[in-house]
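In UniProt numbering, the protein residues as written are 1 to 329. Data block below; observations after.
Printed below as a string of structure tokens:
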């Protein structure tokens, strides 16, 4: 708030005071001595200047206090409840209007959050129920011979993966409620992921080499989900049979886990946006099966687990790097 802007708001009282000074000076000058009029005018001007100075400083401090409250508030929609209550009558009118509007907005937001939470719970329940018959189908197919059964099992695996994505997507906003951080052996987690996805890797003719050692503090279930998405990407965008390397290393005071493949690569123009929701990129548009959700979910899960995920790529060589912090609970 500048002094000129504040003074403009005081135009009417300033003009009235100036008119009063002129009128009193003229009346006093004609009825008495002119030096008396000058003294009265000077005193009035000094009092007006002091009033304006004190008023400006006081108003500036009040504005700064309100701005500080506004900028420091975490939930901006609660501002109407936490800003200081004004003392002037006109300001109190606007303050009451703002509080009414704020409370109406809070009620609407609360209702929307409750409805969203109910829908999320319905999705989670539906996915859990759907996984039961899918698991039965996969078990029946695994015990049966024939190309048809293998194809049914393959399609069941794809449906199972999509249901898993839906479940994790529903949980991603509140991942902390389903997160158990503990010390995990990286090689054990990688071996489990490869075992659970061996059918997909065999059908794709993929070769996987691992060089994983060490342990980290994380949630193994969420980490396994991230690794599965990266494996699926490597298989989906392979040049012929996928060649995948999974390795770990110590770097910059933390542990890194790298998933590298020799696929078609990610264009440099797409790299900054690969973790955006729904972004399929240049190669994804050529592949009609791409949804743009896999890497988005990986990013969400890694953020929840305090893991830095990044990617580097050039034609024929793509690496996704997961960096675990060395701070242990």
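Ideal placement from N, C-alpha and C gives every residue a C-beta, glycine not left out.
Stretch pair the stretch 212-225 + the stretch 182-192: three plus CB contacts closer than 8 Å: yes
Nearest-angstrom Cα separation, counted from residue 278 out to residue 73: 32 Å
Rounded C-alpha distance that separates residue 304 from residue 225: 13 Å
For residue 179, the nearest candidate out of 153, 223, 66 (CA to CA): 223
Exposure label - residue 155; buried when at least 16 CB within 10 Å: exposed
Integer-rounded CB distance, given that residue 318 should sit under 8 Å from residue 260: 7 Å
Rounded Cβ spacing between residue 206 and residue 246 (contact assumed at less than 8 Å): Actually they are not in contact, since the Cβ atoms of residue 206 and residue 246 sit about 12 Å apart, beyond 8 Å.
In chain order, each alpha helix (DSSP H) run of at least 4 residues that lies wholly inside the stretch 184-259: 186-196, 198-203, 220-236
Of the residues 323, 150, 43, 117, the one placed nearest residue 253, counting alpha carbons only: 323
6 Å CB neighbourhood of residue 80 in its chain, flanking five on each side removed: 98, 99, 102
Closest Cα partner of residue 267 within the set 51, 280, 258: 280
When 197, 255, 63, 262 are compared against residue 308, the one with the closest alpha-carbon: 255
Residue 323 - partner residues in DSSP beta bridges: 256, 308
The stretch 10-18 contacting the stretch 44-56, beta-carbon criterion three pairs below 8 Å: yes
N- and C-terminal bounds of the alpha helix (DSSP H) containing residue 120: 89-142
Residue 317 in three-state terms, based on DSSP: strand
For residue 150, three-class secondary structure by DSSP: helix
Residue 62 to residue 94 span [Cα, whole Å]: 16 Å
Residue 296 versus residue 241: straight-line alpha-carbon distance, rounded: 25 Å
Best match in 125, 237, 193 for proximity to residue 220 [C-alpha to C-alpha]: 193
Rounded distance between the beta-carbons of residue 320 and residue 231, thought under 8 Å: Wrong, their Cβ atoms sit about 10 Å apart, outside the cutoff.
Endpoints, the alpha helix (DSSP H) within which residue 50 is located: 34-72
Supposed contact pair residue 159 and residue 134 - C-beta distance, whole angstroms, cut 8 Å: 6 Å
Own chain, CB closer than 6 Å to residue 36, minus 5 neighbours either side, in chain order: 28
Beta-ladder partner(s) of residue 261, from DSSP: 244, 318
Beta-carbon gap between residue 170 and residue 132 smaller than 9 Å: no
Minimum C-alpha distance to residue 204 - residue among 276, 227, 236, 189: 236
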